[in-house]
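Protein chains in written order, with my numbering: chain Y, 210 to 403; chain E, 14 to 264. Ideal Cβ placement from N, Cα and C applies to all residues, glycine included. A quick note: this is a predicted structure, and the numbers were derived from the prediction, not measured. A quick write-up on the structure given underneath.
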């Protein structure tokens, strides 16, 4: 800054001395012919005010505007970074929560499977008991029935023997023979066995 | 250079009258301290700068409003330019370049207002800035690098026989820098405004039927809006390039 200002001021002074006095060259209400840019009478004025302007702008910028904008930009950058890291954290938390949820789900599934298996086993045990009981009952019933059937069969065989003896006696009598009761019984018995 | 009224003719167009420096409060003599239209328009430039960069950022909002956005945009634009062109160590000089850039931008755009006086159309103004930049970067380069600054002119990448010739060319181009730097800006601003004024003169002569000159003024005006910004940008970026040469003279 120092060098820049010194240089510019020196230039301003130089131009001021050079131009200084012949300032009224500009037209008196008339029109300008040639290039106003090359009217050296005006140089000192322009350079002086330019230096004043630039120095003013420089101080406004370097003292107020630029630090403020830099601070705002830095603050925004910080906010964005913080928000991003917060978002990252939240994302991690969400992932963890999802994992926990999945874990809980898996646990619940396993628990449910266990309960189902237990219930099945209980039911199976009950069923087995019931089946065994039913089997026993059935066995008892069938044994009873067997007994009754064998009794019925025995009595039927006796009746058949009786009927067969009587029939054989009748047939023998009808054929004109005299039936010996003992021989007929023996014969019928032999036949029934065969 | 200046003379009295031109000979009267049919077509009275005075495109250069807009560049005449006049005292604000009457009188004829223009001393270096006389408040003139230069003073007025430079003061308006300062007010615009304060309005944008100080009042506009008053809120210091995290979510900026429109004016603050523009201020931040201008800041970021120049800051990035300095960093990209001159490097990290050039950022120390960012306020100076921002001062030049923001002054030229506002002076250029204020000059586009009808009846305005364009301070940057004067070679006195642009040459002062260009010379300030020139001396600043030259002194800075010598202070920072000592004799090593001269390696800017000694292109070690070139064959040895060519180096003296290239050094001569480099030295000439180095000293031509402030000339091109200042005339580019002043010439652009002056030419555009003079052209607009010439077309405006045609429009004045043609009266109501002046469709073509008005269309031309519109087109040139649009171009001038572009040029106003581009020339400020060019001035600033060239300053950055010169600064880079001063900070890192080795090619």
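CB contact flag (residue i, residue j, <8 Å)
| i | j | result |
| --- | --- | --- |
| residue 51(E) | residue 34(E) | yes |
| residue 163(Y) | residue 85(E) | No information on residue 163(Y) is available, as it lies outside the stretch 210 to 403 that chain Y covers here. |
| residue 318(E) | residue 199(E) | The question about residue 318(E) has no answer here: the residues shown for chain E are numbered 14 through 264. |
| residue 245(E) | residue 45(E) | no |
| residue 275(Y) | residue 77(E) | no |
| residue 138(E) | residue 197(E) | no |
| residue 43(E) | residue 36(E) | yes |
| residue 195(E) | residue 111(E) | no |
| residue 128(E) | residue 250(E) | no |
| residue 63(E) | residue 269(Y) | yes |
| residue 151(E) | residue 206(E) | no |
| residue 8(E) | residue 68(E) | In the structure as shown, chain E starts at 14 and stops at 264, and residue 8(E) therefore has no counterpart that could be examined. |
| residue 191(E) | residue 147(E) | yes |
Residue environment, residue i, which counts as buried when at least 16 other CB atoms sit within 10 Å
| i | result |
| --- | --- |
| residue 302(Y) | exposed |
| residue 263(Y) | buried |
| residue 81(E) | buried |
| residue 55(E) | buried |
| residue 31(E) | buried |
| residue 383(Y) | exposed |
| residue 311(Y) | exposed |
| residue 353(Y) | exposed |
| residue 237(E) | buried |
| residue 380(Y) | exposed |
| residue 255(Y) | buried |
Nonlocal neighbours in the same chain, by C-beta distance under 7 Å from residue i, ignoring five residues either side
| i | result |
| --- | --- |
| residue 162(E) | 154, 155, 262 |
| residue 167(E) | 176, 180 |
| residue 387(Y) | none |
| residue 233(Y) | Confidence in residue 233(Y) is poor, its pLDDT being 38 and thus under 50, which makes the residue's placement too unreliable to answer from. |
| residue 260(E) | 99, 100, 102, 103, 157 |
| residue 92(E) | 107 |
| residue 229(E) | 212 |
| residue 208(E) | 233 |
Same chain only: Cβ atoms within 6 Å of residue i, ignoring 5 sequence neighbours per side
| i | result |
| --- | --- |
| residue 122(E) | 241 |
| residue 99(E) | 253, 256, 257 |
| residue 373(Y) | 397 |
| residue 401(Y) | none |
| residue 164(E) | 262, 263 |
CB-CB length for residue i against residue j, believed under 8 Å
| i | j | result |
| --- | --- | --- |
| residue 202(E) | residue 124(E) | 6 Å |
| residue 233(E) | residue 215(E) | Not a contact, Cβ separation roughly 12 Å. |
| residue 73(E) | residue 277(Y) | 7 Å |
| residue 266(Y) | residue 59(E) | 6 Å |
| residue 75(E) | residue 288(Y) | 6 Å |
Contact set for residue i: own chain, Cβ-Cβ below 8 Å, skip 5 residues either direction
| i | result |
| --- | --- |
| residue 350(Y) | none |
| residue 136(E) | 195, 196, 199 |
Fill in: Sequence ranges, alpha helix (DSSP H) only - wholly within the segment 132-213 of chain E, length at least 4
136-158
Worksheet item: What are the uninterrupted segments assigned as beta strand (DSSP E) that are 3 or more residues long and contained completely in the segment 49-135 of chain E, given in chain order?
Response: none
Worksheet item: What are the complete alpha helix (DSSP H) segments, minimum 4 residues, inside the segment 247-335 of chain Y?
Response: 252-269
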